[in-house]
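One structure is given here, and the rest of the page talks about it.
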Amino acid sequence: MNIMKKLTDNHVHSRFSADSEAAPEEIIAAAKAKGLGGITFTDHCDPDFPKEGGSFDLDFEAYTKYMSELRLLYRDDIDIRCGIELGLRVDQKELLEDIAARPWDFVIGSIHVVDGYDPYYERYWKDKGEREGLRRYFETALECVMKYDCFDSFGHLDYIFRYVRGGCLYTWEDYKELIDGILVTLIKKNKCLEVNTAGLAYGLGYAHPCPGILKRYRELGGTLITLGSDAHKPANVGFGFDETAALLRELGFDSYMRFFGRLGQSQLLG
Ligand SMILES: [Zn+2]
Ligand SMILES: [Zn+2]
Numbered sequence: 002m003n004i005m006k007k008l009t010d011n012h013v014h015s016r017f018s019a020d021s022e023a024a025p026e027e028i029i030a031a032a033k034a035k036g037l038g039g040i041t042f043t044d045h046c047d048p049d050f051p052k053e054g055g056s057f058d059l060d061f062e063a064y065t066k067y068m069s070e071l072r073l074l075y076r077d078d079i080d081i082r083c084g085i086e087l088g089l090r091v092d093q094k095e096l097l098e099d100i101a102a103r104p105w106d107f108v109i110g111s112i113h114v115v116d117g118y119d120p121y122y123e124r125y126w127k128d129k130g131e132r133e134g135l136r137r138y139f140e141t142a143l144e145c146v147m148k149y150d151c152f153d154s155f156g157h158l159d160y161i162f163r164y165v166r167g168g169c170l171y172t173w174e175d176y177k178e179l180i181d182g183i184l185v186t187l188i189k190k191n192k193c194l195e196v197n198t199a200g201l202a203y204g205l206g207y208a209h210p211c212p213g214i215l216k217r218y219r220e221l222g223g224t225l226i227t228l229g230s231d232a233h234k235p236a237n238v239g240f241g242f243d244e245t246a247a248l249l250r251e252l253g254f255d256s257y258m259r260f261f262g263r264l265g266q267s268q269l270l271g
């Protein structure tokens, strides 16, 4: 049985994101070729992004119009949904809540900016160093998941480890208290934890969050997850989904959530 047939990819970028050049149609063609049952586009919306990263504003009207046209066009082949990846910040509550209140199918909340900088860039690490840079990211993530209710799933929890320069000396367990706080808050608020396979696509060897965190989430009573590749190009759509679904089942998850008009529906992991 082909597991992929039953899965959907719920974190995908297209040219509506500043860091992707992919035509939505190319993404859809790739998803169909891999036998996926659906795609949720989640283009970036990160207002007032630090200068070095460029603009991550989203043209709401153009994006939603384009996606609803595609949904109709492909409705007999593959289910297309329209969401966003909203960059959570400690200080933009009103603005971000307004954006999230638009008629999206799905909102991923992610941390892309910490203390005014994007950890993707050297500058963030230069001032803080590795240990403090990691700590400030997890502190910011905890503050945001406590502060915000306007997202459905929390994106790529431990992706920060990917950006540590020159071999990371620390693991998630060095930040266990903060990570526990994040997981417990998500569980209490009935929010999902995203399983994001970009870590596999970028050669890190595991999806985000790592198996240790997923296991901890289960121990704490977490059951709600979403599944996405975070693809910015067609080749990465549905990347590593077979092995990730197998791992998730091993860890005791038998389903993941997919969102339609912000309402979650349980989907089998195969
Ligand atoms: Zn992201
Ligand atoms: Zn993303």
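Just so you know, we're using the working numbering here: the sequence shown kicks off at 2 and counts up by one.
For every residue, glycine included, the Cβ atom is placed at its ideal position computed from N, Cα and C.
Note that the structure is a prediction, hence the values are computed from the model and not measured.
| field | Residues of its chain near L179, where Cβ-Cβ distance is below 7 Å and the 5 sequence neighbours each way are ignored | value | So the qualifying residues of the chain are F139, E140, L143.
| said: Relative to the C-alpha of R250, which candidate in K189, L270, R136 has its C-alpha closest? | reply: Nearest C-alpha to R250: L270.
| request: Would you list the residues whose beta-carbon is nearer than 6 Å to any heavy atom of ligand 1, in the order they occur in the chain? | output: Result: E86, S111, H113, G156, H157.
| request: Would you decide whether M258 is buried or exposed? Buried here means 16 or more other CB atoms lie within 10 Å of its CB. | output: If you draw a 10 Å sphere on the C-beta of M258, you find 16 or more other C-beta atoms in it, and that means buried.
| said: With a threshold of 6 Å (Cβ to nearest heavy atom), would D255 be considered close to ligand 2? | reply: Incorrect: D255 has no Cβ contact closer than 6 Å to ligand 2.
| request: Take the Cβ of E86 as the centre, count every other Cβ of all protein chains shown within 10 Å, and call the residue buried at 16 or more, exposed below. | output: Result: buried.
| said: Let me check you understand the geometry: is the CB of D10 closer than 6 Å to at least one non-hydrogen atom of ligand 3? | reply: Judged by which ligands are present, ligand 3 is missing from the structure shown, whose ligands are ligand 1 and ligand 2.
| message | The beta strand (DSSP E) that contains V13, what's its start and end? | response | Judged by DSSP secondary structure, V13 falls within the beta strand (DSSP E) whose first and last residues are 9-13.
| Does at least one heavy atom of ligand 2 sit under 6 Å from the Cβ of D346? | As shown, the chain starts at 2 and ends at 271. That puts residue 346 outside it, with no answer to give.
| Unbroken alpha helix (DSSP H) run spanning R137, endpoints | For R137, the enclosing alpha helix (DSSP H) starts and ends at 123-148.
| query | Measuring from the CB of D175, is there a heavy atom of ligand 2 at a distance below 6 Å? | reply | Checking every heavy atom of ligand 2 against the Cβ of D175, none is found closer than 6 Å.
| task | Starting from the C-beta of P235, find all residues in its chain whose C-beta is less than 8 Å away, skip the five residues before and the five after it, and write them out in chain order. | result | These residues qualify, in order along the chain: A23, E27, I28, A30, A31.
| query | For the alpha helix (DSSP H) that contains I1, what are its first and last residues? | reply | Outside the displayed range of the chain (2 to 271) lies residue 1, so it cannot be described from this structure.
| said: Is the separation between the beta-carbon of I188 and that of G223 shorter than 7 Å? | reply: With a cutoff of 7 Å on beta-carbon distance, I188 and G223 are scored as near each other.
| field | T43, enclosing beta strand (DSSP E) - first and last residue | value | Unbroken beta strand (DSSP E) run through T43: 39-46.
| request: Can you tell me which of the three DSSP states M2 falls into? | output: In this prediction, M2 has a pLDDT of 39, which is less than 50 and means its spatial position is unreliable; nothing more can be read from the coordinates.
| field | P25 versus E70 - alpha carbon distance | value | In this structure, the CA atom of P25 is about 11 Å from the CA atom of E70.
| Buried or exposed by the 16-neighbour rule on C-beta atoms within 10 Å, applied to L74 | By the neighbour-count definition (other C-beta atoms within 10 Å, threshold 16), L74 is an exposed residue.
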